[in-house]
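Single-structure report; data block below.
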Amino acid sequence: LVEIRDRDENYPYPYEQTTFWKNVNVRWSPMNKSNDNIRKDDLALYFASSGYYRCQRAADCTGANSPYTLGSQTKQLDSLLDVASASFAGAVLKVNPGTYHMMCTRNNNFSNRAQKGTLTVT
Numbered sequence: 773l774v775e776i777r778d779r780d781e782n783y784p785y786p787y788e789q790t791t792f793w794k795n796v797n798v799r800w801s802p803m804n805k806s807n808d809n810i811r812k813d814d815l816a817l818y819f820a821s822s823g824y825y826r827c828q829r830a831a832d833c834t835g836a837n838s839p840y841t842l843g844s845q846t847k848q849l850d851s852l853l854d855v856a857s858a859s860f861a862g863a864v865l866k867v868n869p870g871t872y873h874m875m876c877t878r879n880n881n882f883s884n885r886a887q888k889g890t891l892t893v894t
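In our numbering, the protein residues as written are 773 to 894.
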């Protein structure tokens, strides 16, 4: 799941330009650390990779040898997310008011198949 500018777009925003991830608070996640200690950029990475990556840096993941960091996975994540698990635990998020356009990263070939949605929180 990644944020897009509007539903006419087929490519995600760079993280630095997103608003969704900066406007959420984690209430529950399977990341084995306090919800208050989950970095927003790690949360965005977790959702964009269908849980294949949980942290950008090993120091931010639980356990020094965590297999969920960008540098420690044995297989690189491809654009179709084929190496990511078919199951995704997700997270429970409290979202601040706003309108957010999202796109599924798992089932999207950027031309003729896209799963998109708009989340409006009041």
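Here a beta-carbon is modelled for each residue, glycine too, at the ideal position from N, C-alpha and C.
From the options, residue whose alpha carbon lies closest to that of residue i
{"i": "Leu853", "options": "Gly870, Tyr818, Val893 and Ser822", "result": "Ser822"}
{"i": "Asp808", "options": "Asp832, Thr790, Tyr785 and Glu788", "result": "Asp832"}
{"i": "Thr939", "options": "Cys827, Thr877 and Lys847", "result": "Residue 939 is absent from the structure shown; the chain starts at 773 and stops at 894."}
{"i": "Thr894", "options": "Gly843, Phe792 and Asn868", "result": "Asn868"}
{"i": "Phe819", "options": "Ser806, Tyr787 and Lys847", "result": "Tyr787"}
{"i": "Arg799", "options": "Ala863, Cys876 and Thr877", "result": "Ala863"}
{"i": "Arg777", "options": "Ala830, Ala886, Tyr872 and Thr877", "result": "Tyr872"}
Distance CB(residue i)-CB(residue j) smaller than 8 Å
{"i": "Leu865", "j": "Val796", "result": "yes"}
{"i": "Tyr825", "j": "Leu815", "result": "no"}
{"i": "Arg779", "j": "Thr890", "result": "yes"}
Beta bridge counterpart(s) of residue i as assigned by DSSP
{"i": "Leu865", "result": "Val798"}
{"i": "Tyr787", "result": "According to DSSP, which records beta bridges pairwise, Tyr787 is partnered with nothing at all."}
{"i": "Trp775", "result": "Here the sequence assigns Glu to residue 775, which means Trp is not the residue at that position. Met874, per the DSSP bridge assignment."}
{"i": "Thr892", "result": "Thr871"}
{"i": "Cys833", "result": "For Cys833, which the question treats as bridged, DSSP gives no partner whatsoever."}
Classification of residue i by the beta-carbon crowding that lies within 10 angstroms, buried from 16 upward
{"i": "Ser801", "result": "buried"}
{"i": "Arg811", "result": "exposed"}
{"i": "Ala856", "result": "buried"}
{"i": "Ala861", "result": "exposed"}
{"i": "Asn880", "result": "buried"}
{"i": "Tyr783", "result": "exposed"}
{"i": "Thr791", "result": "exposed"}
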